[in-house]
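Heads up: the sequence shown is residues 1 to 149, going by full-length UniProt numbering.
Glycine included, each C-beta is placed from N, C-alpha and C at the ideal position.
Computed from a prediction, not measured in an experiment: that's the story for all the values here.
One structure is given below, encoded as structure tokens.
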Amino acid sequence: MSQIDRTKEQFTPEERRARLRAFADRMLACAEKLPDPETLPQIERAVRIGGSIERLYARVDASEAAAAKAKLEVYRHTEALKSAEAEIVRQVEHTALCQRRERMRDDEMLRTEPKLARKLIEQRTGRPLEDYLAQRQAEVEVLTTEDSP
Numbered sequence: 001m002s003q004i005d006r007t008k009e010q011f012t013p014e015e016r017r018a019r020l021r022a023f024a025d026r027m028l029a030c031a032e033k034l035p036d037p038e039t040l041p042q043i044e045r046a047v048r049i050g051g052s053i054e055r056l057y058a059r060v061d062a063s064e065a066a067a068a069k070a071k072l073e074v075y076r077h078t079e080a081l082k083s084a085e086a087e088i089v090r091q092v093e094h095t096a097l098c099q100r101r102e103r104m105r106d107d108e109m110l111r112t113e114p115k116l117a118r119k120l121i122e123q124r125t126g127r128p129l130e131d132y133l134a135q136r137q138a139e140v141e142v143l144t145t146e147d148s149p
């Protein structure tokens, strides 16, 4: 395989870490087979080889730790997002429920105390009762057209 073919290969970060760890393992196995150094140059060479192997392992370990930390952060953010979405859904449902109850109270008040209902609705909405009722009628029509096939 030529150098050009090797550079075209694309590996995931996990595959690169695994390959680098395997390379360090092979280097360590070969270093263990070397005879014990006896002279100063042999000792220096053995120390350099050991240092290189140690740096490879440290690099792989640091990369694995960073990947695990990143994965944990993604999980935490995903969980926080799901929690926030659930909270928003609860708030929307609560708001819709409160609006339905308010409309029911308005309807009941309009039937039993129309003059008082007019005053209260106009104060609360800041517009005439006829506009409020027209808007509610339009909302009902929109809901019925959305529900029909």
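- Rounded to whole angstroms, A24 and K71 show a C-alpha spacing of 25 Å.
- A residue is called buried once 16 or more other Cβ atoms fall within 10 Å of its Cβ, and I43, having fewer, is exposed.
- Classified as buried, I121 has 16 or more neighbouring CB atoms from the shown chains inside 10 Å of its CB.
- The segment 105-131 is shown to contain whole alpha helix (DSSP H) runs of 4 or more residues at 114-125, in chain order.
- With a cut-off of 8 Å on Cβ pairs, the segment 18-38 is in contact with the segment 48-66, counting three or more such pairs.
- With 16 or more other CB atoms across the displayed protein chains lying within 10 angstroms of its CB, V60 is buried.
- Secondary structure within the segment 6-88: the alpha helix (DSSP H) runs of 4 or more consecutive residues, fully enclosed, are 13-33 (chain order).
- Counting C-beta atoms within 10 angstroms of its own C-beta, D106 has 16 or more neighbours from the protein chains shown and is therefore classed as buried.
- Non-local C-beta neighbours of A117 in its own chain, meaning closer than 7 Å and more than five positions away in sequence, comprise D106, M109 and L110, ordered along the chain.
- Judged by their CB atoms, R21 and A67 are not nearer to each other than the 9 Å cut-off.
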